[in-house]
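Only one structure is covered here, and it is reproduced in the block below.
4 protein chains.
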Amino acid sequence: MLENLKKEVYEANMLLPKYNLVTFTWGNVSGIDREKGLIVIKPSGVEYEKMKAEDMVVVDLEGNVVEGKYKPSSDTPTHIRLYKEFNEIGGVVHTHSRWATIFSQSGRGIKPYGTTQADYFYGEIPCTRDMTKEEIETNYEYNTGEVIVDSFKELNPGYVPGVLVKNHGPFTWGKDPHDAVHNAVVLEEIAMMAWNTEILTRYEVNPMPDVLKNKHFMRKHGPNAYYGQ
Amino acid sequence: MLENLKKEVYEANMLLPKYNLVTFTWGNVSGIDREKGLIVIKPSGVEYEKMKAEDMVVVDLEGNVVEGKYKPSSDTPTHIRLYKEFNEIGGVVHTHSRWATIFSQSGRGIKPYGTTQADYFYGEIPCTRDMTKEEIETNYEYNTGEVIVDSFKELNPGYVPGVLVKNHGPFTWGKDPHDAVHNAVVLEEIAMMAWNTEILTRYEVNPMPDVLKNKHFMRKHGPNAYYGQ
Amino acid sequence: MLENLKKEVYEANMLLPKYNLVTFTWGNVSGIDREKGLIVIKPSGVEYEKMKAEDMVVVDLEGNVVEGKYKPSSDTPTHIRLYKEFNEIGGVVHTHSRWATIFSQSGRGIKPYGTTQADYFYGEIPCTRDMTKEEIETNYEYNTGEVIVDSFKELNPGYVPGVLVKNHGPFTWGKDPHDAVHNAVVLEEIAMMAWNTEILTRYEVNPMPDVLKNKHFMRKHGPNAYYGQ
Amino acid sequence: MLENLKKEVYEANMLLPKYNLVTFTWGNVSGIDREKGLIVIKPSGVEYEKMKAEDMVVVDLEGNVVEGKYKPSSDTPTHIRLYKEFNEIGGVVHTHSRWATIFSQSGRGIKPYGTTQADYFYGEIPCTRDMTKEEIETNYEYNTGEVIVDSFKELNPGYVPGVLVKNHGPFTWGKDPHDAVHNAVVLEEIAMMAWNTEILTRYEVNPMPDVLKNKHFMRKHGPNAYYGQ
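As structure tokens, then:
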């Protein structure tokens, strides 16, 4: 069943190692068939190199496995919570991609510093609040979705297609699984650049001596250039 | 028409992923035929893997499409503004390459810290001023060229073949499209090293204990060396 | 003898360059046959590209070579010390992987900042104390194992499968050689992210102007979007 | 003439892109035949992809071209100065490798923070003093060698096989061209790790909440583990 969606979800999962967003099996992509109310998601703990489209697992919106020889990703309840709340989305991605995770670990959202972010995200990419002891100890993965939803009370998930889970890592979503991965790649780029922007802004040092600057430019470009000719 | 220039512009565009300057389609290269007053530029939104030389778009200096089945890059008006002002240049590149974009996002030019920069750029690589509300809301892309031109009132664009657009990213240029890409690669290298130079200059810590330093060097190089023999 | 373990140790060693954990020959993996009391370890100074399974060296728990045409890794006494103390482990890895080494050089353990670490390590990954002059000058490599063991007086090596040797680099272990390499990869990821988390937490700067943020998002996503269509 | 040395110098030059030490043609390796008093060096401005062993240039110790259809590297006078002063060396390398150049641009030597450095360099890797206006304007490349030699008045070039030229980049040397490249790779690794060690040492932040740490470890490793099984 859902062979096309399985193929789509499989291919989207395979983009995670291609774009260098995962180490080992630390990531998962899902897609939803809204009409049937069924989700297709990566199996748990299967290596990317060995994974096939037919290994994808089908679950319903209560988390029951409808088809599949493997267990669904441990993060399935988080995906489900997002699909239930964000009606327009068709795909969800979770990774521990480095720079987005660094912001998650710092407990900070990513402010908009440049147009690369503004091309995809309308304003700050939020970081979730701390989960309570109760939320962590019972239904942890479903509650991970709950704190994400909490962060979007006043945000449009179509305008901000991603979030940082505090002390954990990013989730992104999109109109389909491929689009959700696209946003995961963008988030990682943005996070890397935001990190370095924040640090840089505090520092300034003295430039090189003028005479050395002149020498180097002129030996390649001046009227008597002799370098690399 | 302009088949040679199309090939040249196509090949220069394909260097952007090769040198790791772009994610997805976040970059574009153009070239100009000064005699005919025509510009050849990358089509908008076409993936690098699928792009062919014949997909390049020909536009005139008013931005009218003269030939091409695709729309020209959204940044075409910026390229046009630069070709109009800087008479010696034959190619223009725009990317969101990471380290140059980080400086753009910090709103800072790149001071000359070393000979790598001085070999190509004569002094600081400027960062443009903030655009006004009006400049952003009307003819945004053309005005992006306008603030670049503003930054070069007292600079020679042949001596400083690139600029950082504030909160956006770098533009570079050169005598032809390939040369403009060459300068984009150099700018990215320079930016990475300048960032790290600025940060480093503030820090210093204690070295390792002498006895450990001596042990390691001597077990490989001393008269009684026994390591890796 | 021990042909299976040799193959296993050889393959685990070859994962070090695959996961970008070593430069030249700066790393080694060993495995133990607990029943026979014999260790199989990488030969000293042999390049990864030329190494074969049959080049692995067999040593006993006193460090005597039992089989092998090469000398065993200079770090063999450290591996032995760990096997003697940590009864449950079946494989040991040593590298100078960049980010873990950076923490070693800073003399600091890696605190748990996120779930990536908590998935594998229960709490802080410790950094060893300074070695004494005597420990360095006599039986240096065996004493390197000694200071590791010292760090685990109150830690469970099954729960914290790795350590940072001060001013040196990381050792990790696992139930077999492959598992020990797996933990070495995880440690390097964790170290990279912890470094950047620690620095980031101190910094915050101003975001981009709202009007520019709006323009970029709306030209791609607003009702009058015209970018990359 | 000197066909073997040409081959050796050519192969050593080709290691520079392999080890990611150069952008474009920003690096060069030479070797010396001490008996004949002749140096073989990379030609100026030739791309690595097109270079052949027979393109290497032979010069004498006064810098006269003895054989070769190309001009020798612009940095030849620096190499010559080093061969004249350091009698034991057989190969010299110059690059603008990123991390070593960052230290050069900061005007700082690399202190020994760990055993990776101590395995190859005995103590701090020095950074040269500022060159005078006269040294820069006349015989700049030869004087670049002069300030290097100045830095080694009290250092053994066999024990410290490299240097950082202020505001420029690194030179390394060795018993032959291949060994000099080996040291260039090591220097770059050391520089990257020293940079990050220096920055890290200043920072420390709070770890993640204990309850989250426990949850993640126990869902994979506790008696009721359910993650990735």
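Top line first, the protein sequences correspond to chains A, B, C and D. Numbering (our numbering) for the first sequence: 208 to 436. Numbering (our numbering) for the second sequence: 208 to 436. Numbering (our numbering) for the third sequence: 208 to 436. Numbering (our numbering) for the fourth sequence: 208 to 436. Just so it is clear, CB atoms sit at the ideal spot from N, CA and C, and this is done for glycine as well. Since the model is a prediction, treat every value here as computed from it, not as a measurement.
Sorted by chain position, which residues of the same chain lie with C-beta nearer than 6 Å to Lys-467 of chain B's C-beta, five sequence neighbours on each side aside?
The structure shown does not extend to residue 467 of chain B, since chain B spans only 208 to 436, so no value can be given for it.
Strictly under 8 Å for the Cβ-Cβ distance: is Ser-311 of chain A near chain C by that measure?
yes
Any non-hydrogen atom of the ligand MG closer than 7 Å to Thr-379 of chain B Cβ
The ligand MG is not part of this structure, which contains no ligands at all.
Output the boundary residues of the beta strand (DSSP E) element that contains Pro-250 of chain B.
Here Pro-250 of chain B belongs to no beta strand (DSSP E), and DSSP marks it neither H nor E.
Cutting at 6 Å between CB atoms, please list the residues of its own chain near Met-263 of chain B, excluding the five before and the five after it.
Lys-213, Val-216, Tyr-217, Val-247
Please specify which runs of the beta strand (DSSP E), each continuous and at least 3 residues long, are wholly inside the region 339-401 of chain A, giving them in chain order.
With a minimum length of 3 residues, the unbroken runs of beta strand (DSSP E) contained wholly in the region 339-401 of chain A fall at 369-371, 377-381.
Contact set for Ala-401 of chain B: own chain, Cβ-Cβ below 6 Å, skip 5 residues either direction:
Ile-317, Tyr-320
Just to confirm the assignment, what range does the alpha helix (DSSP H) spanning Ser-313 of chain A have?
305-313
Kindly say whether Glu-179 of chain C, judged by its beta-carbon, lies nearer than 8 Å to any beta-carbon of chain A.
Here chain C covers residues 208 to 436 and nothing more, so residue 179 of chain C does not appear.
Determine the chain B residues that contact Tyr-226 of chain C at a beta-carbon separation under 9 Å, and present them in chain order.
Those do not exist, as Tyr-226 of chain C stays about 20 Å from chain B at its closest Cβ, beyond 9 Å.
With burial defined as no fewer than 16 other Cβ atoms inside 10 Å of the residue's Cβ, what is the status of Leu-289 of chain C: buried or exposed?
buried
Count the other C-beta atoms from every protein chain shown that fall within 10 angstroms of the C-beta of Asp-267 of chain D, then say buried if there are 16 or more, exposed otherwise.
exposed
Considering just the uninterrupted stretch of the beta strand (DSSP E) at Glu-292 of chain A, what are its terminal residues?
Segment 283-292 is the alpha helix (DSSP H) holding Glu-292 of chain A; no beta strand (DSSP E) there.
Rounded to the nearest angstrom, how far is the Cβ of Trp-233 of chain A from that of Thr-323 of chain A, given a contact under 8 Å?
Contact doesn't hold; Cβ gap of about 25 Å is too wide.
Cβ of Ile-397 of chain A within 8 Å of Cβ of Val-372 of chain A?
no
Once DSSP output is grouped into helix, strand and coil, what is the label at Val-264 of chain C?
strand
Could you give the first and the last residue of the continuous beta strand (DSSP E) run that contains Glu-274 of chain A?
First-last of the beta strand (DSSP E) with Glu-274 of chain A: 272-274.
How far does the beta strand (DSSP E) with Thr-302 of chain B in it reach, from first residue to last?
298-302
At the 8 Å Cβ level, is Tyr-347 of chain B part of the contact set with chain C, yes or no?
yes
Span of the alpha helix (DSSP H) around Val-216 of chain C:
210-225
Can you say whether Glu-405 of chain B is buried or exposed, counting buried as having 16 or more other CB atoms within 10 angstroms of its CB?
Classification of Glu-405 of chain B: buried, given that the 10 Å Cβ count is 16 or more.
Can you tell me whether DSSP reads Asn-403 of chain D as helix, strand or coil?
helix
Using 10 angstroms around the beta-carbon of Arg-305 of chain C, count the other beta-carbons present and answer buried if the total reaches 16, otherwise exposed.
buried
Is there a Cβ from chain B that is less than 8 Å from the Cβ of Glu-215 of chain C?
no
I'd like to know whether the C-beta atoms of Ser-311 of chain B and Pro-377 of chain B end up nearer to each other than 8 Å.
yes
Would you list, in chain order, the members of the region 259-277 of chain B that have their beta-carbon closer than 7 Å to a beta-carbon of chain C?
Those would be none; no residue qualifies.
Please report whether the beta-carbon of Gly-408 of chain B lies at a distance below 8 Å from any beta-carbon of chain D.
Correcting the residue identity first, residue 408 of chain B is Thr in this sequence and not Gly. True, the Cβ-Cβ gap to chain D drops below 8 Å.
Tyr-433 of chain C versus Arg-426 of chain C: straight-line alpha-carbon distance, rounded
6 Å
Taking 8 Å as the CB-CB limit, is Asn-374 of chain D close to chain A?
Cβ-Cβ to chain A under 8 Å: yes for Asn-374 of chain D.
DSSP on Val-229 of chain B, reduced to helix/strand/coil?
The answer is coil: DSSP assigns Val-229 of chain B none of H, G, I, E or B.
In chain C, which residues lie less than 8 Å from His-335 of chain A when you measure between Cβ atoms?
For the record, residue 335 of chain A in the displayed sequence is Thr; it is not His. Going along chain C, no residue has its Cβ under 8 Å from Thr-335 of chain A, so there is no contact; the nearest lies around 13 Å.
Can you tell me whether Asp-417 of chain C is helix, strand or coil according to DSSP?
Assignment of Asp-417 of chain C by DSSP, reduced to helix, strand and coil, places it in the helix class.
Can you name the start and end residues of the alpha helix (DSSP H) that Ala-325 of chain D belongs to?
Taken as a continuous stretch (DSSP letters only), the alpha helix (DSSP H) holding Ala-325 of chain D covers 322-325.
Measure from the C-beta of Lys-257 of chain B to each C-beta in chain C and report whether the shortest distance is under 8 Å.
no
Any C-beta of chain D under 8 Å from that of Glu-405 of chain A:
no
Within the chosen definition, does the region 357-367 of chain A reach the region 338-346 of chain A through at least 3 CB pairs nearer than 8 Å?
no
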